[in-house]
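Encoded as structure tokens, the structure appears first; notes follow it.
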Amino acid sequence: MEGPSVEAIVKWFKNDKGFGFVELGNGTGDAFLHIGAVQAAGYDSLPPGAKLEVQVTNSVKGQQVARVLSVDLEGAAERAPPPPPRSGGFGGGRDRDGGGYGGGRDGGYGGGGGGYDSPRPRRQAPDPSTAIPVSGTVKWFDETKGFGFVQSNDGGKDVFVHISILGPSGLNRLLEGQPVTMQVVDTAKGREALSINLA
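Take the position in the sequence shown, starting the count at 1, then add 310; the result is the number in the numbering used here.
Now the structure itself:
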């Protein structure tokens, strides 16, 4: 369940890792920020100190930004907290296919790329009117990382599924081998599900 909107300040966001953290203005601590929520708001990355209005969900791992409602980049540098320590963190590492952020042999989402300061074109949020129905089978889904992939039945590339679309579909997790139906859009990084249901 998404809660009411909350103000937040970006502590750090690593575009190449696909996640970061924000400090919530309501005094409840930090929340995990996944690149999917950032991209859905029309951004590829957010600088430390950026002021956001967000909706947050609680997961087993803690608080997570479900949706970015607004972004204010003015004065971000002045509000930026000191750099975080290098160790620990939420997620990271390599996925079981060894393809960096995911996607396995098909590349798909991620796969290296420059560091945080590399110039990247601003990503447009996917246009829901271009979505097509696709059925498939869950290849894998990692609740800790907040995403997974579905092998499609149409012979196309695997479809990226972000954890934020499960709640609106009435699901709380996906299991390997489950048959599903999705509304899928093509993005610059590959195919992405906008909604998902059990078949």
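Here a beta-carbon is modelled for each residue, glycine too, at the ideal position from N, C-alpha and C.
- By the Cβ criterion, the region 321-328 is not in contact with the region 473-482, since fewer than three pairs of Cβ atoms, one from each stretch, lie closer than 8 Å.
- For residue 490, the uninterrupted beta strand (DSSP E) segment begins and ends at 489-497.
- With respect to residue 504, residue 493 sits close: the two C-beta atoms are nearer than 7 Å.
- Residues 491, 493 of the same chain have their beta carbon placed closer than 7 Å to that of residue 443, with the five preceding and five following residues left out of the count.
- Going by DSSP, residue 348 is part of the alpha helix (DSSP H) stretching over 345-350.
- Residue 508 has 490 as its beta-bridge partners, per DSSP.
- One Cα belongs to residue 376, the other to residue 341, and the distance between them is close to 10 Å.
- Between residue 332 and residue 318, the CB-CB gap stays under 7 Å.
- Taking C-beta atoms as the reference points, residue 452 and residue 461 fail to come closer than 7 Å.
- Within the DSSP bridge table, the entry for residue 503 names 494 as partners.
- Secondary structure of residue 358 (DSSP, three-state): coil.
- When the beta-carbon positions are compared, residue 365 and residue 439 stay at least 7 Å from each other.
- Per DSSP, the continuous beta strand (DSSP E) segment holding residue 382 begins and ends at 372-382.
- Checking the DSSP bridge columns, you'll see residue 334 partnered with 318.
- The beta carbon of residue 387 is closer than 7 Å to those of 359 in its chain, skipping five residues each way along the sequence.
- The beta-bridge partner set that DSSP reports for residue 363 consists of 317, 380.
- DSSP links residue 447 through a beta bridge to 461, 489.
- Between the alpha carbons of residue 337 and residue 353 lies a gap of roughly 26 Å.
- Contact between residue 454 and residue 371 holds: their C-beta atoms lie close to 6 Å from each other, under 8 Å.
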